[in-house]
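As structure tokens, the structure follows; a few thoughts come after it.
Protein chains: 2
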Amino acid sequence: MRDVIITGIGQTPVGELWDKSLRHLGHDAVVAAMQDAGIEQADALYVGNMLSGELSGQEHLATLIADFVGLRGIEAAKIEAACASGAAAVRAGIMAVASGMADVVIAAGVEKMTDTLPEDTTAGLALAADQEYEVAEGATFLALNAMLMQRYMHEYGVAKRDFAPFPVNAHANAQGNPNAMFRMAISAEKYERAPLVAPPINVMDSSPICDGAAAVVLVSGERASAFGQGKRGVRVAATAAATDTLAVHDRRDPLWLEAAYLSSRRAFAQAGLSPDDIDLFELHDAFSIMSVLALEACGFAERGRGVELGASGAITLGGRLPITTMGGLKARGHPVGATGVYQIVEIVQQLRGEAGANQLAHAHVGMAQNIGGSGATILTHILAGA
Amino acid sequence: MRDVIITGIGQTPVGELWDKSLRHLGHDAVVAAMQDAGIEQADALYVGNMLSGELSGQEHLATLIADFVGLRGIEAAKIEAACASGAAAVRAGIMAVASGMADVVIAAGVEKMTDTLPEDTTAGLALAADQEYEVAEGATFLALNAMLMQRYMHEYGVAKRDFAPFPVNAHANAQGNPNAMFRMAISAEKYERAPLVAPPINVMDSSPICDGAAAVVLVSGERASAFGQGKRGVRVAATAAATDTLAVHDRRDPLWLEAAYLSSRRAFAQAGLSPDDIDLFELHDAFSIMSVLALEACGFAERGRGVELGASGAITLGGRLPITTMGGLKARGHPVGATGVYQIVEIVQQLRGEAGANQLAHAHVGMAQNIGGSGATILTHILAGA
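In structure tokens form, the structure reads like this:
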């Protein structure tokens, strides 16, 4: 298997981008990544996206973006794995390069969620749950996560306020990210007083509906060296994917993210690393409870003790295991099919030393984890300085 | 790059399968392929599908099918490239095995199109065209193909009746395929008198709206040998993908399928073969005009002379270049995201000598070509006896 190096990154700001259509967002991120990598052509474009058909009336999205960017003739495909679509597109790109079928691949993620009515967007997001056995009963992702959070508080005797450090950290970090949607700090008090959406989840537990696009350029190790890109390049040390039952009620233990456990274990094995080797972790904080469950399933905390990592300060920029260093899903924003690519882009920024005000002192190995549905599809990537 | 061998195939009948839901169709094809390959577990499942979100209210489809089949923990992703989604899923599976990231992969295609109102299904299919510049002007795929056919007849002085051999051949071959939707022969006279849908396209030029699913098991060469599956296995000799502009009006020459030319040229180069080496060609006869344009772009006929291959009898089971040997999109049926996988499954049947009444005397090398949109995304695969 050939080495795969990330030589270019691109992203649009995240927000309610009403002046940009789906294809324009994709274009902007792809062109930025190509310029960053210094390339004018590629062999393939994989686009992570969940809802282009439902919300923008457009399937065949990858070919459209390739066409719109002017990448005539190249391979193109859209990859869909609900909110994990972005990381799945990156993984497809890694496989194309690793297999030798391509030398230069662009993996992008794009989502347009704010041109539709909020109830239509919410209904679209519910397509990631089991249509016949969850959605038909009225379940939304908010409801499913609320039940998980309630159960967690009950099982482990944890209070609502114990979750505060996660959104507080995300918002603190978003202040230093010019592409983040919510660039303002919040206090623990503000978190506790935020309006409830589905008890115990409040507004500050919840990532926003938004638009955005991000992209990376993936090249073979030989190609990166030949083009003198080894120095700025970031190496893909591991890529892994795993699934669980689609419906939460089918799981033996709803508080255990089996797919996070499986994919992180596979990734650690590939990279020859353990949780202690990870300098930063871009995790999938779609809701606060997901951050806690992911930290436990990946081996960063004992079961029932994930919240303690928050209380200890370990998750902040100066801590032992910084998470959501550029704002995370909560404050950078969660344009669903793009999120997994934003995570990778932000780790590259940290590993290159280009994270600006949020630059970590020690950033040599970063881990990204992208979750689809309520933990049904989970991809874990580990990146390291080349 | 490692050798990739197809060791199992599965398919459901194609038709209006109102007693089977999307997940049941996917289940049936995947389980049949696993039984054929003699496996009980796999590393990944890639599912080609275009319209599950729009027509069945279900995204996150690959994980759902993995869950429903009982393939707990494996990787899963849905691949979307409009009507070329099936071949794109097979290509993703080939890359996973070729790269060494997986040893055993299932690539499936599934589509459920008949549980919705015909106008909703037609609107869904139009999502493969350019939403802002084609669909907004009222274009459907039928309309776009009608314009291509009209232009072809005008440019080359070809008559409507010259297209008859293509649907006549497809229907003749479907008689011998128990999974085909339309298992009845049609005459050239019946073709000429068929009701017009969008002049000059009539009902007999058009593939049907239908349901179906197909799957293949892909394993590494070493694994196939170790399991004694080398003998029945079929080798992937080439896989290639290419794109063109999404909108037909953006092409310099609308009668030239550039992406068919590019992907077939790349496939021939990979396999070290030329058009003369191909024993059968499963082409994408969504409309009769597409068969003719594909034969020309892939080098089987001169420009403007594709119809002559039909008139000569070369395309029949006993001819020099048999096409649509199990009925093609026209008569086996065209469940869009599944079609590309059906094509591969049918070539494996021919190469194994398991094509029943339709078995070719010489079937050592087969080519499949799957088209998304009006030629915007085209994948070409070449398979050979292992």
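First to last, the sequence lines map onto chains A and B. So in our numbering, spot 69 of the first sequence is number 80, and the numbers just go up one at a time. So in our numbering, spot 259 of the second sequence is number 270, and the numbers just go up one at a time. Glycine residues also receive a C-beta, built at the ideal position from the N, C-alpha and C atoms.
DSSP beta-bridge partners of Ile-85(B): The partner list for Ile-85(B) (beta bridge, DSSP) is empty, contrary to what the question assumes.
Residue-level contact to chain A via CB, Glu-319(B), 9 Å cutoff: no
Below 9 Å between beta carbons: does that hold for Gly-297(B) and Leu-306(B)? Per the sequence presented here, residue 297(B) reads as Ala, with Gly not at that position. No, Cβ-Cβ distance for Ala-297(B) and Leu-306(B) is not below 9 Å.
Kindly indicate the opening and closing residues of the beta strand (DSSP E) around His-150(B). The residue asked about is misnamed: residue 150(B) is Ala in this sequence, not His. Per DSSP, Ala-150(B) belongs to no beta strand (DSSP E) and is neither H nor E.
The beta strand (DSSP E) enclosing Arg-246(A), as first and last residue numbers: 245 to 254
Please list the residues of the stretch 253 to 271 of chain A that have a C-beta atom closer than 9 Å to any C-beta atom in chain B, keeping them in chain order. Ala-253, Thr-254, Asp-255, Thr-256, Leu-257, Ala-258, Asp-261, Glu-269, Ala-270
So, is Glu-86(A) buried or exposed, given that buried needs 16 or more other C-beta atoms within 10 angstroms? buried
Below 8 Å, is the gap between the Cβ of Ala-225(B) and the nearest heavy atom of the ligand FMN? Absent from the structure shown: the ligand FMN. Ligands present: none.
For Gln-380(B), report the span of its beta strand (DSSP E) as first-last. 376 to 383
Proximal chain A residues relative to Ser-67(B), where beta-carbon distance stays under 8 Å: Gln-142
Sort Gly-84(A), Lys-89(A), Leu-138(A), Ala-109(A) by Cα distance to Gly-64(B) and report the nearest one. Leu-138(A)
Alpha carbons only, please: which of Val-259(A), Ala-280(A), Glu-269(A) is nearest the one belonging to Ala-248(A)? Ala-280(A)
Count the C-beta pairs between the stretch 205 to 217 of chain B and the stretch 364 to 383 of chain A that are closer than 8 Å, then say yes if the count reaches three, no if not. no
At least three beta-carbon pairs within less than 8 Å, the stretch 62 to 79 of chain A to the stretch 143 to 153 of chain A: no
For Asn-188(B), three-class secondary structure by DSSP: coil
Residue from Phe-174(B), Val-116(B), Gln-354(B), Leu-72(B) whose Cα sits closest to the Cα of Ser-302(B): Phe-174(B)
How many Å lie between Ile-117(A) and Ala-252(B) at the Cα? 15 Å
Would Val-227(A) and Val-356(A) be called neighbours here (beta carbons separated by less than 9 Å)? yes
Nearest-angstrom beta carbon gap, Tyr-163(A) and Ile-300(A) [assumed within contact, 8 Å]: 6 Å
Looking only at its own chain, which residues have a Cβ that is under 6 Å from the Cβ of Ile-20(A), when we skip the five neighbours before and after it? Ala-44, Asp-47, Val-227, Val-356, Val-359
Starting from Glu-293(A), trace the beta strand (DSSP E) in both directions and tell me its first and last residue. 291 to 293
Ser-63(A) by DSSP, collapsed to three states: which one? helix
Cβ-based neighbour list, Thr-336(B), same chain, cut-off 8 Å, excluding 5 preceding and 5 following: Asn-184, Leu-291, Glu-293, Leu-328, Glu-357, Gln-361, Ala-366, Asn-369, Leu-371
At 4 residues or longer, and completely inside the stretch 79 to 148 of chain A: list those alpha helix (DSSP H) runs for me, N to C. 96 to 109, 129 to 136
What does Lys-89(B) touch in chain A if you count any residue whose Cβ is under 8 Å from its own? Ile-90, Glu-91, Ala-92
Members of the stretch 330 to 355 of chain B near chain A, C-beta cut-off 8 Å: none
Counting only the same chain and skipping the five closest in sequence on each side, list residues whose C-beta sits under 8 Å from that of Lys-171(B). Met-164, Glu-203, Pro-211
Using three-state DSSP, classify Val-15(B) as helix, strand or coil. strand
Can you tell me where the alpha helix (DSSP H) with Ala-349(A) in it begins and where it stops? 347 to 363
DSSP beta-bridge partners of Tyr-57(B): Ala-88(B), Ala-118(B)
Give the straight-line distance between the Cα atoms of Arg-343(A) and Thr-18(A), rounded to the nearest whole angstrom. 23 Å
Return the chain-ordered list of same chain residues with a C-beta closer than 7 Å to the C-beta of Asp-39(B), the five sequence neighbours on each side being excluded. Thr-23, Ala-224
Can you tell me whether DSSP reads Gln-46(A) as helix, strand or coil? helix
Mark Pro-129(A) as exposed unless 16 or more other C-beta atoms lie within 10 angstroms of its C-beta, in which case mark it buried. exposed
Among Arg-246(B), His-71(B), Glu-143(B), which has the Cα closest to the Cα of Gly-396(B)? Arg-246(B)
List the endpoints of the continuous alpha helix (DSSP H) containing Ala-280(B). 269 to 282
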